[in-house]
Amino acid sequence: MSTDARTGPAPAPTGPLSTIDYTERIPNNVNLAGDRRLQRALEGWQPKFLDWWKQLGPALPTKDVYLRTAIAVGRDGWAHFDHVPMEQYRWGIFLAEQDPDRKVNFGKHKGEPAWQEVPGEHRAALMRLIVIQGDTEPASVEQQRILGNTAPSIYDLRNLFQVNVEEGRHLWAMVYLLHAYFGREGREEAEQLLKRNSGDLDAPRILGAFNEETTDWLQFFMFTYFTDRDGKYQLGTLKESAFDPLARTCEFMLKEEAHHMFVGTTGVQRTVERTAELMAEHGTADVLPYGAIPLAIIQKYLNFQFSVSMDLFGSEQSTNAGNYYSAGLKGRWMETRRKDDHVLLDDVRTMSYVEDGEIRTRTVPLLNALNLDLRDEYTADCANGVKRWNQALEDAGLPERLLLPHEGFNRKVGVYAGHHVSPTGEVLDEDTWNARVDDWLPSAADRAAVAALMVPEYEYGKFAGWIAPPKTGINDQPVEFDYVHLTEEGLA
Ligand SMILES: [Fe+2]
Ligand SMILES: [Fe+2]
0 MSTDARTGPA PAPTGPLSTI DYTERIPNNV NLAGDRRLQR ALEGWQPKFL DWWKQLGPAL
60 PTKDVYLRTA IAVGRDGWAH FDHVPMEQYR WGIFLAEQDP DRKVNFGKHK GEPAWQEVPG
120 EHRAALMRLI VIQGDTEPAS VEQQRILGNT APSIYDLRNL FQVNVEEGRH LWAMVYLLHA
180 YFGREGREEA EQLLKRNSGD LDAPRILGAF NEETTDWLQF FMFTYFTDRD GKYQLGTLKE
240 SAFDPLARTC EFMLKEEAHH MFVGTTGVQR TVERTAELMA EHGTADVLPY GAIPLAIIQK
300 YLNFQFSVSM DLFGSEQSTN AGNYYSAGLK GRWMETRRKD DHVLLDDVRT MSYVEDGEIR
360 TRTVPLLNAL NLDLRDEYTA DCANGVKRWN QALEDAGLPE RLLLPHEGFN RKVGVYAGHH
420 VSPTGEVLDE DTWNARVDDW LPSAADRAAV AALMVPEYEY GKFAGWIAPP KTGINDQPVE
480 FDYVHLTEEG LA
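Residues 0 to 491 (numbering that gives the first Met the number 0) make up the sequence shown, in order.
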């Protein structure tokens, strides 16, 4: 198992230990019992959340699932594992420990004490940031709703459900902030978070990638690798926020998020391993007849999920992003480790753009290019997994390699929108693009071929033919552990 914090399992949380009270209706470490109004408001939202979970959460009927539940936010033993019926999962509100001396680390308020309340002038912008983050959490649960029906193993099924319940908890995290700090408007937004639904024509989720269907398990793994990783980077900027409750909320969410990316990294890895094994064994790239996913299709799925996730960072140049930074609402990735003045009024950087059919670079103010700054950090991180997957090909003695496509490939947002850029970075005319696009993005036929391989394997310790088993189980349990107990209905 990797010890790389970016691709490995959940990191050990830091900070002192604070245990969460599970005797309360809503487990929390924010002293909810001490604020009766807030407690009542959240208890009013809870049944609506549970209705949403029943309607749009995992479709496969289960008795119980071996799940991780947060029991503390501190350094040691922050999570407890046990079989629990999913609808009885204890979704709660957990913030990382408060640092009473925490300061604003960037922007024009740099050096001032961090805010414990929302300043009036930043109220609308902060609420917007929280709503956008909050909207992605239930969206992914909705997107992954039917995947349980085709799980390649009970181990993978458990990981899917773990991701799902924790995305549900991330929704709770954002709803807590809305209820606690934004009054009636915040409560109204919390209602809307359950009313918008992924792919809904009338009330879709806010961001594009969260309205795409998760059609199969390969896409799920690509989603948890590339799109949950976008989440990691967005949370990383909010973790720097001058608004301390938001910063502490996001810090704790990041601890859970690491497991989601682990599911993606290892899921793609195991898919590639199986493909490589059959390629080597049969001396052909066409492993579909042998029940595995051809590398060319894996590459297309990768191209797709990377490009739609890149769009989530927004336009390269954004006055909003600069304003959020200067105001202290949203920092940079690893803000405090950056070696500059953290105000950025005089800093510049280069950025690529398309002009006259070629990719050129120009110099722009850094403050206006913070979305690009974050996206570059993300891209570098994405490359790590690809390297790892290529190691599996190398180990199998194969010359083929997976590639991260060019940043301009298949983009709908920012400077590349409206242009056609190949995965290797050539600017193409419309006809050339149309002639080649099926080589680069999954076609209907590719998706159908993958879907045909997605047969459920619910026998403990067995795996569908298209994916290699993991090296180890979850929480030191064996791979063949009974991670999920299905109901008779689920088995049928
Ligand atoms: Fe999340
Ligand atoms: Fe996630």
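Glycine residues also receive a C-beta, built at the ideal position from the N, C-alpha and C atoms.
| Is the closest heavy atom of ligand 1 to the C-beta of residue 252 under 7 Å? | yes
Q) What separation, rounded to the nearest whole angstrom, lies between the Cα atoms of residue 487 and residue 163? A) Cα to Cα, the separation comes out at about 22 Å.
Checklist entry - Can you tell me whether DSSP reads residue 114 as helix, strand or coil? => result Residue 114: strand per DSSP, three-state reduction.
Distance between residue 64 and residue 80 (C-alpha atoms, nearest Å) = 10 Å
Could you spell out where the beta strand (DSSP E) holding residue 351 opens and where it closes? 347 to 354
ask   = Does the Cβ of residue 136 lie closer than 7 Å to at least one heavy atom of ligand 1?
value = Closer than 7 Å to some heavy atom of ligand 1: that describes the Cβ of residue 136.
- Pick from 358, 357, 364, 355: whose alpha carbon is nearest that of residue 347? Per the Cα distances, 364.
inquiry  = Checking the sheet assignment: what are the DSSP bridge partners for residue 65?
reply    = Per DSSP, 82.
Check: Since residue 429 and residue 419 are thought to touch, with beta carbons under 8 Å apart, how far apart are those beta carbons, to the nearest angstrom?
Finding: 7 Å
What's the gap between the Cα of residue 204 and the Cα of residue 231?
-> 19 Å
**Report entry** For residue 377, the nearest candidate out of 411, 340, 240, 308 (CA to CA)
**Finding:** Closest option to residue 377, Cα to Cα, is 308.
Review point. CA-CA distance, residue 8 and residue 480?
Key: Model confidence at residue 8 stands at a pLDDT of 39, short of 50, so the residue's coordinates are unreliable; what they give is reported in the following sentence. The straight-line gap from Cα to Cα measures roughly 19 Å.
inquiry  = If distances are taken between C-alpha atoms only, which option among 25, 172, 28, 86 comes closest to residue 55?
reply    = 86
For this session: With DSSP as the reference, please indicate the residues paired to residue 357 in a beta bridge.
Result: 354
Helix, strand or coil: which one does DSSP assign to residue 29? coil
Quiz item: Are the beta-carbon atoms belonging to residue 143 and residue 128 less than 8 Å from one another?
Solution: no
- Message: My output table needs one value for residue 206: the three-state DSSP class, helix, strand or coil.
- Response: coil
* When the Cα atoms are used, what is the spatial distance from residue 330 to residue 416? -> Distance from the CA of residue 330 to the CA of residue 416, rounded to the nearest whole angstrom, comes to 26 Å.
| request: Decide if residue 354 is buried, meaning its Cβ has at least 16 other Cβ atoms within 10 Å, or exposed. | output: Exposed is the call here.
Q. Any heavy atom of ligand 2 closer than 7 Å to the Cβ of residue 356?
A. no
Q | Spatially closest choice to residue 39 from 96, 133, 175, 165, by CA coordinates | A | 175
| query | For the putative contact between residue 115 and residue 243, defined by C-beta atoms under 8 Å, what is the C-beta separation to the nearest angstrom? | reply | 6 Å
- Pick from 84, 465, 371, 247: whose alpha carbon is nearest that of residue 291? Of the candidates 84, 465, 371, 247, the one whose C-alpha sits nearest the C-alpha of residue 291 is 465.
Query - Cβ-based burial, residue 357 [other Cβ within 10 Å; buried from 16] - result: Exposed.
>> I need the straight-line Cα distance from residue 36 to residue 186, nearest angstrom please.
In response: 12 Å
Cβ pair residue 498, residue 315 closer than 8 Å:
The displayed coordinates of the chain run from 0 to 491. Any statement about residue 498 would go beyond what the structure contains.
Q. Going by DSSP, what residues sit across from residue 486 in a beta bridge?
A. As computed with DSSP, residue 486 is found in no beta bridge at all.
### Message
Below 8 Å, how does it come out for the stretch 258 to 266 and the stretch 100 to 118: are there three or more Cβ pairs, yes or no?
### Response
With a cut-off of 8 Å, the stretch 100 to 118 and the stretch 258 to 266 do not count as touching, because too few Cβ pairs lie within range.
Assess contact between the stretch 131 to 142 and the stretch 440 to 451, defined as three or more Cβ pairs (one per stretch) separated by less than 8 Å. Is contact present?
no
- Compare the beta carbon distance of residue 274 and residue 297 with 8 Å and say whether it is the shorter of the two. yes
- Task: Take residue 236 and list the residues in its own chain whose beta-carbon comes closer than 7 Å to its own, dropping the five residues that flank it on each side.
- Result: 329, 330, 331, 332, 373
(message) According to DSSP, simplified to helix, strand and coil, what is residue 102?
(response) strand
Since residue 28 and residue 72 should fall inside the 8 Å C-beta cutoff, what is the C-beta to C-beta distance between them, to a whole number of angstroms? 6 Å
- Message: Quick check on DSSP: helix, strand or coil for residue 214?
- Response: coil
Quiz prompt | In DSSP terms, what residue 288 is bridged to | solution = None, per the DSSP bridge assignment.
* With 16 as the cutoff for other CB atoms within 10 Å, does residue 82 come out buried or exposed? -> exposed
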